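Asker: Numbering (this note's numbering), first residue to last: 372 to 621. What follows is a single structure, and I will ask about it in a moment.
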């Protein structure tokens with residue numbers, strides 16, 4: 372496959388590399404599928420990079436190969452905006468060729484592939500979840516405000532008051548923020564919810580706000596929170612974070 376739209380692919384691969392080192396890439400007619408749980412079992416990624424991201428995409432009937440995303444991301448870090456990215460390999464080969472092409476040079480990297488045993492993770496949709504749609508850059512700025520406060524962040528939703536608030540308590544400081552229902556945030560199916568999550572882990576995903584100007588958040592009782600960016604019309608990148616045991620609320 373080949374693409375000039377490499378910035379999104381670089382950002383996706385960089386994000387995956389912060390969650391897990393080695394992961395299976397499924398190459399299918401509709402796009403590239405990636406699904407894996409972190410070694411800590413705290414987070415899970417579910418990604419479909421749609422074929423629309425590429426100017427040329429040919430994978431036959433589909434196959435799966437293991438890739439070390441840390442080294443893949445390191446290679447893509449050298450990719451310049453004016454470069455065309457071309458990746459080529461056979462279904463049963465042990466390496467893939469990565470070309471950077473522009474008017475001044477052609478670069479060729481080779482990255483070893485691997486066989487990775489992985490379990491089939493069922494993350495079928497859950498009903499009756501609260502769903503928030505927020506401007507992604509704005510939400511990144513919100514989470515950034517909490518980074519130097521404490522280690523975890525509380526999501527609290529009051530259905531009757533239609534109130535959504537975030538709070539973090541540190542050793543010497545605390546911050547509470549109440550979100551307003553304006554043009555930057557919309558919601559549906561509000562429920563009474565109070566859950567705590569790791570701020571550092573959440574920040575990894577909110578930094579990807581350039582993938583889409585909206586981030587979709589689904590949250591329910593005693594289940595991982597789901598964050599999602601849509602990629603074109605059919606693709607997506609979903610990030611699930613397990614809740615922590617929080618302190619007593621005010």
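Even glycine gets a Cβ: it sits at the ideal position worked out from N, Cα and C. Treat the numbers as computed from the prediction; the structure is a model and nothing was measured.
Alpha carbon to alpha carbon, how far is residue 420 from residue 543?
Answerer: Cα to Cα, residue 420 sits roughly 43 Å from residue 543.
Asker: CA-CA distance, residue 378 and residue 387?
Answerer: 14 Å
Asker: Just to confirm, is the Cβ distance from residue 444 to residue 373 under 8 Å?
Answerer: no
Asker: What's the C-alpha gap between residue 475 and residue 449?
Answerer: 15 Å
Asker: Along the chain, where does the beta strand (DSSP E) that runs through residue 468 open and close?
Answerer: 466-472
Asker: Is it right to say residue 527 is buried, meaning 16 or more other beta carbons lie within 10 angstroms of its own, or is it exposed?
Answerer: buried
Asker: Taking just the CA atoms, how far does residue 538 sit from residue 568?
Answerer: 11 Å
Asker: Please classify residue 535: does DSSP put it in a helix, a strand, or coil?
Answerer: strand
Asker: With DSSP collapsed to three states, give me the class of residue 516.
Answerer: In the three-state reduction of the DSSP assignment, residue 516 falls in the helix class, which pools H, G and I.
Asker: When you compare the CB positions of residue 430 and residue 396, do they come within less than 8 Å of one another, or not?
Answerer: no
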